[in-house]
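*Asks:* There's a structure below that I have some questions on.
2 protein chains.
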Amino acid sequence: MTIQRMKNLEAFFNPASVAVIGVSSDMTKFTGRTLKYLIKHGYPGRIYPINPKYQEISGIPCFGSVRDLPEVPDMAFVQIPARLTLDAVRQCAERGVRAVLLHTAGMGETSEEGKRAEQELLALAHASGMVICGPNSGGMVNLVDRVVLTPVVAMELDDLKPGKVGLVSQSGGMTGALITRAYSRGIGFSHVVSTGNEMDLKCSDYVRFMLEDPHTSAVAIFMEGLRDTDIQPFLKAARTAMEKGKPIVVLKVGKAEVGRKAAASHTGALTGSDEVYSAMFRQMGVVRVHALEELFETASMFSKTPLPAGDRVGVLTTTGGGALLLADEGGFLGLKFPSPKADTARTEALGLPSFASTANPLDVTMSGVGDGFRKSLRLFLEDENFDIVVAVVGTSAQFYPELGVRPVLEAAGSDRPLLAYLNPLADEAARLLEAGGVPAFRTPESCAHALRALVHHARFVGKHAQRKRALPGLSADTDKARGILGSAGQHLTENQSKQLLSLYGIPVIQEKVAHTTREAAEQAEVLGFPVALKVLSPSILHKSEAGAIRLNLSSCVEVRKSYGEILEAVRSHDPEAEIQGVLVQKMAQEGLEVIAGISRDPQFGPVLVFGLGGILVEVLRDVSMRLAPIGPTDAEEMLDEIRSAALLRGFRGLPAADRGAIVDVLLRLSQLAGDLGDEIEAVDINPLMVYPEGEGAVAVDALVIKRKGE
Amino acid sequence: MTIQRMKNLEAFFNPASVAVIGVSSDMTKFTGRTLKYLIKHGYPGRIYPINPKYQEISGIPCFGSVRDLPEVPDMAFVQIPARLTLDAVRQCAERGVRAVLLHTAGMGETSEEGKRAEQELLALAHASGMVICGPNSGGMVNLVDRVVLTPVVAMELDDLKPGKVGLVSQSGGMTGALITRAYSRGIGFSHVVSTGNEMDLKCSDYVRFMLEDPHTSAVAIFMEGLRDTDIQPFLKAARTAMEKGKPIVVLKVGKAEVGRKAAASHTGALTGSDEVYSAMFRQMGVVRVHALEELFETASMFSKTPLPAGDRVGVLTTTGGGALLLADEGGFLGLKFPSPKADTARTEALGLPSFASTANPLDVTMSGVGDGFRKSLRLFLEDENFDIVVAVVGTSAQFYPELGVRPVLEAAGSDRPLLAYLNPLADEAARLLEAGGVPAFRTPESCAHALRALVHHARFVGKHAQRKRALPGLSADTDKARGILGSAGQHLTENQSKQLLSLYGIPVIQEKVAHTTREAAEQAEVLGFPVALKVLSPSILHKSEAGAIRLNLSSCVEVRKSYGEILEAVRSHDPEAEIQGVLVQKMAQEGLEVIAGISRDPQFGPVLVFGLGGILVEVLRDVSMRLAPIGPTDAEEMLDEIRSAALLRGFRGLPAADRGAIVDVLLRLSQLAGDLGDEIEAVDINPLMVYPEGEGAVAVDALVIKRKGE
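Structural data, given as structure tokens:
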């Protein structure tokens, strides 16, 4: 983004003057509401309603067109029919308007004609340097500077105080729902923008603005899918977010096919593989949530609380059941709930009744409301057994909100995170807590999810320096590698594939190519028995089905016999098959079978893939992924992330696997992806046989597929 | 439960007169609130406050003790210190009070002394026939008959109209939270009871009362764990629920260790394995939810909507993003979102703008609010492509609730389920919808979860007749089976285990016991090569570790050699080992390895277990369970329930497995559990080798463990 565009983006969010093009004088109407809300929320700049039908609206002079305005407005909000839009925007460009928000719908998302119009609008933007939001944007709200430019009925709410969360929504309809839900609980936004069709300004442009904005401490995104050209900018924004310590929290549609399809039809966004998005978020430290209200709850929590040093949670409660649900869900999500230190829990010190348990969750019971609760919270916050403390407040929070939450507010301000879960329906108490800097949760589940997000993010941040460490200095003869690719068909043979992997230092099973029975037997003797024989043919993609594999051959006699059998089987399977020879391969010793490879995502390019081998893993789709390139920390995380990760660490008498060897293979694949990523569709090492710690790993079978047309 | 107790339980919920023992004249105090709420909510019966300190409270004559009352009250609510409780209850028993609610805490849940006092109370109950709720009960609320007996502050709410959901809570603190949260959205209860320590009346007693109650259509339970003696009554109640078509919905704590421990300390309940509870719920048609508000949302939904014929959901929306989230979550949970029938979707018929998509979710956009939305809903409800319709209402629902939900209410009343999700914060709209019989959801996630519960429950009910079908007439020679058990040690040998399984008709691999090298070789010839050799010794539990197994022996030479090696290995592993011989076993042909067995749960007794074989399944704990006995439908469901179920149906060229053979083995294990369940700790067939459809299955290895002391 050029500096001029960046400045214009600032004008978009905080214009000194605004033209509202297509305004109605009836403020109950859709086209009248934007003006109404702009005035209602105290916009301090100059307002220019544009509508040739009126002289003035609500006492404000109205103009026929942008051409007629006495000054050049910083920004124009456009809500006229699609067919009139191009002309209005052209006028804006001519006059030097810096930013345009196109609320107008029915353009690129609905027809080819609309797409063409968008192209013309985009050309206008590029020529003039103006920035355009939308079309089909639900509007923009800047609560820091009181710029409200949206007809969204949520703006009927009074007294919308700015918060520290910036909200970027790829759905217009969600902005209202998110605003009303968040404000009812005292969670506020600094800026809100609905991105619409993202013809010009893209999702990550807004995110980057918010990351630079001093009033914003965390960014929440409702995402349907990033535009192809927005992938790299988004990755860059995620890196900026990490540098600035302003977390990005994302609620993304597309977990299911129906969501992906609907998102695509909704704003014309094409979304890539949701699994790859998830992997990218993990890799970049972007927090993904899976429930509507968790989007603002989690982002707001990050804007208010320090990061914890670990995952040990102490729960203090005035009510039994609610704390129990919270801890149960938290435990299920992997958080720890250790006992408080013995001296902390001394009931005499707390003035608790003798039957109050000293467990965690610690129930101070109703007698603890008031001073006992505050004292216990302070003790818990100082307790070295805890990294985070959660206060669970019972019924008092609903009917005597001030009374119920006072102990929590009084205990706040430690350098450890203090969160609250309110067991009854207690929005007022939540507002008091949020105003006092204590993130307050509405359900035990959302509180548990937020705790997990907090712990995971802290862990990610803790590894940030180590993650940024320079990649290991791997290098390979890329000319030679391109030579192999060049001489091969679209599917490399097993032998070619392994040659390519070898160039990158990936250990492959010893093998030789035989062209006669005798050669095969000689090579088997050299390699040492037992050996395997496989046909080497670019025409045979599924060697097993063609009967072209013989395993565990332990003598020259068996090798000779198998050689003939294989050739015969291949010929009867496909008389036309091109046979380049027979691979004589040393049988790999048994080990843990894993898969490692590269898969090309249409949006994100080469993606590294890791998982356990075997058909069961395929059924369960238990793999981890990362965008290339990766460093050692990423690779370690890939190993830890699969559901069956326990197997790698040794399980039921099985030895721990050589994790270092797997990490090394993944890093070398990453290097290969970096060098040849544009030429390769997929790399599949299956299996990579992994041996006990210190004993390495070896690629037993491998397949490299080139990109079509390369 | 005797008829007298059942009648007294009715008096507990609907007493003609009530004594409130230990009442304070200060109605803001905890001990004053019960009386306050009883009056406030219009209790129509006679009230007798008991407190020797006062003559009257709020104009109602006050008495010194139950002995002094002018009539025998139906019920007594007791909120005096623990040490005074026994005397008060004794007076109640003497006068013939029919039901007592002990709100008093600090008894069995906190001390041995308290436990002893509870035993005396229980003896009083048994002797007099009175029923006792608690101690440590949070109270009881009957909104149908306006009996409110609880100090829970939620009763400050006015105008609590009865709903059709009965609520049984094993946590007192949760009743208030559930009541306030439900009522804010127009979801009502018929009865609410906090069960406390369940000294006398147990969880399922209340459930059964509610199932008999004509005002209750569904029962919600907040469960920490069933008492041991309440297991069979609960199963019976679940069967009654199914017969009466009144679903039971459960939110249960104990998914994680922290929750199990905390629940145990909380009310003294000991909870069994959470996985077995889950299996039991599935088996009995009890709906388990996993979020606080889903407890009343789901129960209320069942009380208002017919069951769907299938899992195809049509979504109509006035706002894009919200419907997208709902469908995405629903799709993720396995629901289907097919396209509407072409003629249904015709936009002209709906008067929708041309750019409204004809997809599902179908976005009628804002122009559709009003008549277009109502028309579309009717068309969707008549569309044969849908079993359920969900209306998603946008911002209008918040700011113009009547306007926003009118189209939905007007479309309601079809014989297909119609649910609503409100995208903004719209409690008033939710109340209007619920009042009109349309279940309304607050978040897209809870709506998706409810949809899944609705579809799953409908499927369960649909199979109910078939599930009740008499079990297949298996029978076995139980004397012979007991003989095998009697002659064996605690761990049966592999051979003994298989003999026992054979008695029940479970196919086992052919094997013979050899006592000499020669015998082994001869037996191998008879069985046919290849064979396996394994030591037969009650002292060796882990044969592999002892080096006491040889597989794939293909000649007499190898058998003779292995025989010697095994004996030597065993002797060096454990010189004291008792060696009964060597098993010569036909090698099983390769197939799909599964495990099937019986495991004894401390609360539920014998539990049938099924899963895929192999260490990966152990790591992932991918097994399904059912309480014994089971029928064929249960067994089929066990097969379908594992995450890796796709493997059984054939996957990537693997043939479909012989499901019938697995079902048969599970049914025979069920029979074994029925006959010998009290004598057996575990049965473990691992692996059961399963062959392609029609080719059967065979137990390759098996272990039976007797219960200690049997």
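One line per chain: the protein sequences are D and C, in this order.
The first sequence begins at 386 in the working numbering and counts up one residue at a time.
The second sequence begins at 386 in the working numbering and counts up one residue at a time.
No residue lacks a Cβ here, since even glycine has one placed at the ideal position from N, Cα and C.
The model shown is predicted, which means the values in this text are computed figures rather than measured ones.
(1) Taking a Cβ distance cut-off of 8 Å, strictly less, list which residues of the region 1014–1042 of chain D are near chain C, in chain order.
(2) Classify C/PHE681 as helix, strand or coil using the three-state DSSP reduction.
(3) Evaluate C/THR703 with the Cβ neighbour count: other Cβ atoms within 10 Å of its Cβ, from every protein chain shown; 16 or more gives buried, anything less gives exposed.
(4) Could I get the ranges of all uninterrupted alpha helix (DSSP H) runs contained in the region 850–895 of chain C, with 4 residues as the minimum, in chain order?
(5) Can you check which of these residues, D/ASP748, D/LYS637, D/GLU494, D/GLY1079, is closest to D/GLU679 by C-alpha distance?
(6) Contact between the region 826–839 of chain C and the region 1014–1032 of chain C: three or more CB pairs below 8 Å?
(7) By DSSP, does D/SER589 sit in helix, in strand, or in coil?
(8) Is the Cβ-Cβ distance between D/LEU804 and D/ALA835 less than 8 Å?
(9) Skipping 5 residues on each side, what residues in its chain have a beta carbon closer than 6 Å to that of D/PHE914?
(10) Does the beta carbon of D/SER556 sit closer than 8 Å to a beta carbon anywhere in chain C?
(11) In chain order, what residues of the same chain lie with their CB nearer than 7 Å to the CB of D/GLU1080, ignoring the 5 residues before and after it?
(12) Have a look at the DSSP bridge pairing and note the partners of D/GLY966.
(13) Run through chain D and tell me which residues come within less than 8 Å of C/GLU1003, C-beta to C-beta.
(14) Determine, using beta-carbon pairs with one atom in the region 590–609 of chain C and one in the region 534–545 of chain C, whether at least three such pairs fall under 8 Å.
(15) Please decide whether C/VAL538 counts as near chain D, where near means a Cβ-Cβ distance under 8 Å.
(16) Below 8 Å between beta carbons is the criterion; list the residues of the region 986–1000 of chain C that meet it against any residue of chain D, in chain order.
(17) Give the single residue among C/LEU912, C/ASP864, C/GLY871, C/ALA909 whose Cα lies nearest to the Cα of C/TYR889.
(18) Between the C-alpha atoms of C/ASP585 and C/VAL451, what's the straight-line distance to the nearest angstrom?
(19) Is the beta carbon of D/ILE388 sitting closer than 8 Å to the one on D/VAL463?
(20) Thinking C-alpha only, which one of D/GLY1035, D/GLN1056, D/ALA1087 is nearest D/PRO1077?
(21) Against chain A, which members of the region 928–945 of chain D pass a CB distance test of less than 7 Å?
(22) Cα separation between C/GLY868 and C/HIS876?
(23) Let me check understanding here. Comparing Cα to Cα, which of C/HIS849, C/ALA1087, C/ASN582, C/TYR422 lies closest to C/LYS919?
(24) Report the rounded CA-to-CA distance for C/THR419 versus C/MET525, giving the unit in angstroms.
(25) Can you tell me where the alpha helix (DSSP H) holding C/PHE765 begins and where it ends?
(26) Between which residues of its own chain and C/LEU471 is the CB-CB distance below 7 Å, once the five residues before and five after are set aside?
(27) Out of curiosity, what's the CA-to-CA distance linking D/GLU456 and C/LYS726?
(28) Just verifying my parser: in three-state terms, what is the DSSP assignment at C/VAL529?
(29) Measuring CB atoms only, is the region 565–572 of chain C touching the region 616–626 of chain C, in the sense that at least three cross pairs come out at less than 8 Å?
(30) Here's the rule: buried if 16 or more other CB atoms are within 10 angstroms of the residue's CB, otherwise exposed. What is D/THR901?
(31) Is there a Cβ of chain D sitting closer than 8 Å to that of C/ASP713, yes or no?
(32) How long is the line joining the alpha carbons of C/GLY947 and D/GLN974, rounded to whole angstroms?
(33) Between D/LYS689 and the ligand PLP, is there a pair consisting of the residue's CB and a ligand heavy atom that are separated by less than 7 Å?
(34) Hey, is the region 786–803 of chain C in contact with the region 629–643 of chain C, meaning 3+ C-beta pairs nearer than 8 Å?
(35) Exposed or buried, D/THR614, counting other C-beta atoms within 10 Å across all chains shown (16 or more means buried)?
(36) How many whole angstroms separate the CB atoms of D/ASP959 and D/ILE925, which I take to be in contact at a CB cut-off of 8 Å?
*Replies:* Taking the structure as given:
(1) ARG1028, SER1029, ALA1031, LEU1032, PHE1036, ARG1037, GLY1038, LEU1039
(2) Locating residue 681 of chain C in the second sequence gives position 296, counting from the first residue. Three-state result, C/PHE681: helix.
(3) On the second sequence, position 318 is the one that residue 703 of chain C refers to. Flag for C/THR703 reads buried.
(4) 863–872, 879–888
(5) Within the first sequence, numbered from 1, the residue matching residue 679 of chain D stands at position 294. Minimum Cα distance to D/GLU679 is reached at D/LYS637.
(6) no
(7) Counted from its first residue, the first sequence places residue 589 of chain D at position 204. It is helical.
(8) What you label residue 804 of chain D is simply residue 419 of the first sequence in a count that begins at 1. What you label residue 835 of chain D is simply residue 450 of the first sequence in a count that begins at 1. Yes. Within cutoff.
(9) In the first sequence, residue 914 of chain D corresponds to position 529, counting from 1. Cβ neighbours of D/PHE914 beyond the five flanking positions: SER939.
(10) For the purposes of this step, residue 556 of chain D is taken as the residue at position 171 of the first sequence. Interface residue, yes.
(11) Within the first sequence, the letter at position 695 stands for residue 1080 of chain D. Excluding positions up to five away in sequence, the list reads ASP1043.
(12) Translated into positions along the first sequence, residue 966 of chain D becomes position 581. DSSP lists D/LEU921 as partners of D/GLY966.
(13) Numbered from 1 along the second sequence, position 618 holds the residue referred to as residue 1003 of chain C. Neighbours of C/GLU1003 on chain D, chain order: PHE1036, ARG1037.
(14) no
(15) The sequence position of residue 538 of chain C within the second sequence is 153, counting from 1. C/VAL538 counts as touching chain D.
(16) LEU997, GLY999, ILE1000
(17) Counting from 1 along the second sequence, the entry for residue 889 of chain C is found at position 504. Here the closest residue by C-alpha is C/ASP864.
(18) Start at 1 with the first residue of the second sequence, and residue 585 of chain C comes out as number 200. Start at 1 with the first residue of the second sequence, and residue 451 of chain C comes out as number 66. The straight-line gap from Cα to Cα measures roughly 21 Å.
(19) In the first sequence, the residue the question calls residue 388 of chain D occupies position 3. In the first sequence, the residue the question calls residue 463 of chain D occupies position 78. The answer is no: Cβ separation not under 8 Å.
(20) Working through the first sequence from its first residue, we reach residue 1077 of chain D at position 692. Minimum Cα distance to D/PRO1077 is reached at D/GLY1035.
(21) Absence of chain A from the displayed structure is noted, the protein chains being D and C.
(22) Your numbering for residue 868 of chain C matches position 483 in the second sequence. Your numbering for residue 876 of chain C matches position 491 in the second sequence. C/GLY868 and C/HIS876: Cα-Cα distance of roughly 15 Å.
(23) Translated into positions along the second sequence, residue 919 of chain C becomes position 534. If we check each option's Cα against that of C/LYS919, C/ALA1087 comes out closest.
(24) Counting from one through the second sequence, the residue named residue 419 of chain C turns up at place 34. Counting from one through the second sequence, the residue named residue 525 of chain C turns up at place 140. Cα to Cα, the separation comes out at about 10 Å.
(25) For this step, residue 765 of chain C is matched to residue 380 along the second sequence. First-last of the alpha helix (DSSP H) with C/PHE765: 756–767.
(26) Position 86 of the second sequence holds residue 471 of chain C. So the list reads ALA502, GLU505, LEU506, once near-sequence residues are dropped.
(27) For the purposes of this step, residue 456 of chain D is identified with residue 71 of the first sequence, where counting begins at 1. For the purposes of this step, residue 726 of chain C is identified with residue 341 of the second sequence, where counting begins at 1. About 55 Å.
(28) Numbered from its first residue, the second sequence carries residue 529 of chain C at position 144. Here C/VAL529 sits in coil by DSSP.
(29) no
(30) On the first sequence, position 516 is the one that residue 901 of chain D refers to. That one is exposed.
(31) As a working note, residue 713 of chain C is residue 328 in the second sequence. Taking Cβ atoms only, chain D reaches closer than 8 Å to C/ASP713, which makes this a yes.
(32) Locating residue 947 of chain C in the second sequence gives position 562, counting from the first residue. Locating residue 974 of chain D in the first sequence gives position 589, counting from the first residue. Per the sequence shown, the amino acid found at residue 947 of chain C is Ser instead of Gly. Approximately 22 Å between the Cα atoms of the pair.
(33) Looking for the ligand PLP in the displayed structure turns up nothing, as the structure carries no ligands at all.
(34) no
(35) On the first sequence, residue 614 of chain D is found 229 positions in, with the first residue counted as 1. Counting Cβ neighbours within 10 Å, D/THR614 comes out exposed, since fewer than 16 surround it.
(36) Along the first sequence, one-based indexing puts residue 959 of chain D at 574. Along the first sequence, one-based indexing puts residue 925 of chain D at 540. Right, the Cβ-Cβ distance comes to about 7 Å (below 8 Å), so this counts as a contact.
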